[in-house]
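With the first letter of the sequence shown counted as 1, position 194 gets the number 194 in this note's numbering; the numbers rise by one all the way through.
Glycine included, C-beta positions come from ideal geometry on N, C-alpha and C.
Please read these numbers as outputs of a predicted model, since none were measured by experiment.
Written below as structure tokens is the structure these notes are about.
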Amino acid sequence: MHTVGELLRQWRHRRRLSQLDLAIAADVSARHVSLVETGKSNPSADMVLRLADQLDVPLRERNRLLLAAGFAPRYAERPLDGDALSAAWDAIERVLRAHEPFPALVLDRRWNIVMTNRAIDPFLAEVAPDLLRPPINMVRLGLDPRGLAPRIVNLAEVRAVLRTRIARQLAAAPDSELTALYEELLAPGSEDASHPIESEVVIPMIFRFGERELRLFSTTTTFGTPMDITLDEVAIESYYPTDAESAAYFTKSDADARADT
Numbered sequence: 001m002h003t004v005g006e007l008l009r010q011w012r013h014r015r016r017l018s019q020l021d022l023a024i025a026a027d028v029s030a031r032h033v034s035l036v037e038t039g040k041s042n043p044s045a046d047m048v049l050r051l052a053d054q055l056d057v058p059l060r061e062r063n064r065l066l067l068a069a070g071f072a073p074r075y076a077e078r079p080l081d082g083d084a085l086s087a088a089w090d091a092i093e094r095v096l097r098a099h100e101p102f103p104a105l106v107l108d109r110r111w112n113i114v115m116t117n118r119a120i121d122p123f124l125a126e127v128a129p130d131l132l133r134p135p136i137n138m139v140r141l142g143l144d145p146r147g148l149a150p151r152i153v154n155l156a157e158v159r160a161v162l163r164t165r166i167a168r169q170l171a172a173a174p175d176s177e178l179t180a181l182y183e184e185l186l187a188p189g190s191e192d193a194s195h196p197i198e199s200e201v202v203i204p205m206i207f208r209f210g211e212r213e214l215r216l217f218s219t220t221t222t223f224g225t226p227m228d229i230t231l232d233e234v235a236i237e238s239y240y241p242t243d244a245e246s247a248a249y250f251t252k253s254d255a256d257a258r259a260d261t
């Protein structure tokens, strides 16, 4: 098991900061940072969290730092659908519903789908059943030939975007399961020869359904200043049409669905 000093040094190197950089940011002496990292000084819980805050350490890893320093974990990890996080759950549901008729979903730190709105359902209609068994992983769903991959016109571009996003995520906070997913589905290969990017603003996901193409771009929403690990690790992915034709498809589909009910 690593000492708290070793873990803090790893995070400092990951953030590409010198001991002096960290000391200035945390308003402590560089000598104190050095003593903590070498194990010659035992930091208080407050000092551990002070340094972790400046290093932008995720809440899950802050608990690990506290344990390594001999203190109890500070941050709880409660179920999103439990009573303690009911306000957050309600807020997420409101965001998902308000985004209809366009697709939106909630992801955890490993890109597993936690919640969706109704606009996601048509995209899953022809997906292999085993890919829809919980936990449904969005990366596998999108890139597996039995998933959405055959419908994505610009699959190489989408794969490249996912590769960049997850590589940045792993650089910020390593995770063994996410690393395995990256190596399985996103390791660079010959299929990733460069393709011209049609948009100068965002790279869309282009889906083909029969003779129709739907062009969507996404935005990501996270909780501000979360104090719970679950909330720290979830994100809402909201998809928007890039053109009037794609917008009309979702609007018409939603109107037809409401008429059927």
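Item, Value
"On the CB-based measure, 16 or more other CB atoms within 10 Å of its CB, does E37 come out buried or exposed?", "buried"
"Run through the DSSP bridge pairs and tell me what D228 is partnered with.", "A76"
"If we ignore side chains and look at the alpha-carbon of each, how far apart do S18 and I120 end up?", "45 Å"
"Any idea what DSSP makes of S218, helix, strand or coil?", "strand"
"When the Cα atoms are used, what is the spatial distance from N63 to S253?", "46 Å"
"Specify the secondary structure class of A173 as computed by DSSP and reduced to three states.", "coil"
"If we call anything under 9 Å between Cβ atoms a contact, is V95 one with I203?", "no"
"Taking only runs of the alpha helix (DSSP H) that begin and end inside the segment 100 to 174, which ones reach a length of at least 4 residues, in chain order?", "138 to 143 and 155 to 172"
"Cutting at 6 Å between CB atoms, please list the residues of its own chain near T242, excluding the five before and the five after it.", "P204, R215 and F217"
"Considering only residues of the same chain and omitting the five flanking positions on each side of I136, which have a CB-CB separation below 6 Å?", "I113"
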